[in-house]
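A short write-up of the structure that comes next.
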Amino acid sequence: MSSCSRTRTKAPRSARIRVSSSPAKIVADLDDVLLHILSFLPIKTLIKCKRVSKRWRSLITNPNFSNRIISSKHPLPISGLYLKGTRDIDYRFVSLLDDDDEEVNEQRVSLSSPLRFADHPTPIIVMQSTNGLLLCKCTCPPNHFNRNFYVYNPTTNQKTLLPRIIDHVALSLAFDPSKSPHYKVFCLRKSSISSVSPVSSVFYHIEVYTSNEGPWRRLLSVPSFALPQTVNTVFWNGAVHWFWFGPNSRVCLSFDIETEEIKTLPLPFLDHQDDEEDPPDVGTLRFIEESRGNLYFIEVNDLSSPDLSVYEMNRTGSTWFLKYHVDLEPLAAAFPEMIGTEYYTNRKIYSFSVIGFVKGETDAESSYIVLHIPNKAVKYYFISKTFKKLCSFETSDDGGEIFYGFRRSFQFIESLANV
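Counted the way full-length UniProt numbering counts, the sequence shown spans residues 1 to 419.
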C-alpha cells in the first residue's frame, strides 16, 4: 500500500456536531414557548397535562401561570352539579357537558355517596360553590358538635383548613379570579346579648378570613334583626348575599366586600306573605343561583300551577325583573310521571325541583334550566322552549311514591385556583 494513503479516523465524541432535536422537542424544552401553548388549552386538558412529567406539573401548578389562566378564561363554564339528597352527607354528581350519545348520557350521573377527604374520617358537607371553589364543613369525632371548615378545589383536590370558628350564624365564600387570585371567607357571628332594653336583643358582626393574609379579622357590626330558619348564601357582583327564609319572614343581607357596606336587598313575591286567603304551599320551592355574572331567583308557591317564573336582579341590586317564563305543561305531557296528586287535597300537582341554572356562554339561545323530575333530570332551553332528558336516577332517590327533589345543588367548575 502506498505510503501516501490516508487512514480515516473518527472525531472525538465531544467534537462531533450534534444534530438538532425535533421542533416539538425544542418547544417542549423552552418554558416560555411551552407555557404560551398551554395557555390555549381547556382547564380539563391542562389537568391531564400535569401527568406528562414533573416539569410540566411544576409549570402548570405554578401560581403565576394558573392565576393568569383562570383570570383570562373567566367566567369558566359550569361542567356539572353536586346534588345534595335527603341526607346531608349524600351527594350525586351530574355532568352538564353536551353529548348526544344516549349511552354517555346514562353514565353522566354518579351513584349517591358521601364526599370525603382522604385524611378526614367524616364526610364533607358542601355549603357553597363559587367560581370553582367549595366551602365545606366536616364534623370532628368524637365530639360531633365540633366542626372543621375548609375551602376546597375539587378539580385539583387541594384544600385549606380555616381557623377555628365559634358562634357563627352564617358563612360565605367570595372568590372572583378576574380581580384577584385570593379568596375571602366572611363570617356573620353573634356579638353579644343586650339586657338593657326590656326585650333582649342579639347583636351581630362580620369577620373576614383572607387566603393571603390569614386569621379572622373583625370588620363591622350588623344591626339586630330576627333570623328566619333557612339560609342560602351566594357571591355575586362583588358582594356576599345571605338569604334567610322562614314561615313569616324573609331577609336578604348584602355585604359589599370592597366598600364593606351592608344593606338589605328586596325579594320578589313579597305580596304572598300578607295574603292570608292564599298561603304558600308547605313545600315551597326556592332556587337562588349566580351564573356568568347574573343573579337569578325562582320561587314556586303553588305546586298545582304549570307556571314557573325566573327573575333576574339588575346590576345595581335594587330590583328584580321577570327574565323567563316556563310552561310546565309540555314537559308534563312528555314526562307524565311529573303529574302527581297531593295526598291531603287530591288536587293535581307537578312533581319537580330546580337543580341548576346555566346562562349561555355566547347568547341567550343556549341558556337553560335543569329540573329534577321523578327518576330524571331534564334540560329546558328558555328561548326555544325545547327540552331533553339529561340523565336518569334510581327510583330510590325519589322515595317511592312520594317525590323528594334534591335539597340543594352546587356548581362544579373546573379551575386551577390555588387554595
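Here a beta-carbon is modelled for each residue, glycine too, at the ideal position from N, C-alpha and C.
What first and last residue would you give for the alpha helix (DSSP H) that runs through Ile70?
Note, Ile70: alpha helix (DSSP H), Pro63 to Ser72.
So what does DSSP say about Pro215, is it helix, strand or coil?
Strand, per DSSP.
Taking only three categories from DSSP, how would you classify Lys50?
Lys50 carries a coil assignment under DSSP once its states are collapsed to helix, strand and coil.
Quick check on DSSP: helix, strand or coil for His36?
His36: helix per DSSP, three-state reduction.
Please name the residue in Ser72, Asp32, Ser129 and His120 whose C-alpha comes closest to that of Ser79.
That would be Ser129, whose Cα lies nearest to the Cα of Ser79.
Nearest-angstrom Cα distance between Val33 and Arg68?
Computed Cα separation, rounded: 15 Å.
Looking at Val222: is its Cβ nearer than 8 Å to the Cβ of Tyr209?
Contact flag unset, no.
Cα-Cα separation, Cys49 to Thr156:
When the Cα atoms are used, Cys49 and Thr156 turn out to be separated by approximately 13 Å.
Inter-stretch contact (C-beta, 8 Å, three-pair minimum) for the segment 89-99 and the segment 110-119
Note that the segment 89-99 touches the segment 110-119; at least 3 beta-carbon pairs, one per stretch, sit closer than 8 Å.
I'd like to check one pair, His182 with Asn212: are the Cβ atoms closer than 8 Å?
Yes; because the gap between Cβ atoms is below 8 Å, this pair is in contact.
When the Cα atoms are used, what is the spatial distance from Leu322 to Val378?
Our two residues, Leu322 and Val378, have alpha carbons roughly 22 Å apart in a direct line.
Val126 to Asn346 span [Cα, whole Å]
The alpha-carbon atoms of Val126 and Asn346 are separated by roughly 36 Å.
Terminal residues of the beta strand (DSSP E) in which Glu299 lies
From DSSP, the beta strand (DSSP E) with Glu299 extends over Asn294 to Val300.
When you compare the CB positions of Pro163 and Trp216, do they come within less than 8 Å of one another, or not?
Contact check for Pro163 against Trp216 passes: the beta carbons are separated by less than 8 Å.
Backbone secondary structure at Glu394 - three-state DSSP
Coil.
According to DSSP, is Pro280 part of a helix, a strand, or is it coil?
Annotation note: pLDDT 46 at Pro280 (below 50); position unreliable, no value reported.
Does DSSP classify Lys323 as helix, strand or coil?
It is a strand residue.
If you compare alpha carbons, which of Thr122, Tyr350 and Ala118 is closest to Asp90?
Residue Thr122 is the option with its Cα nearest to Asp90.
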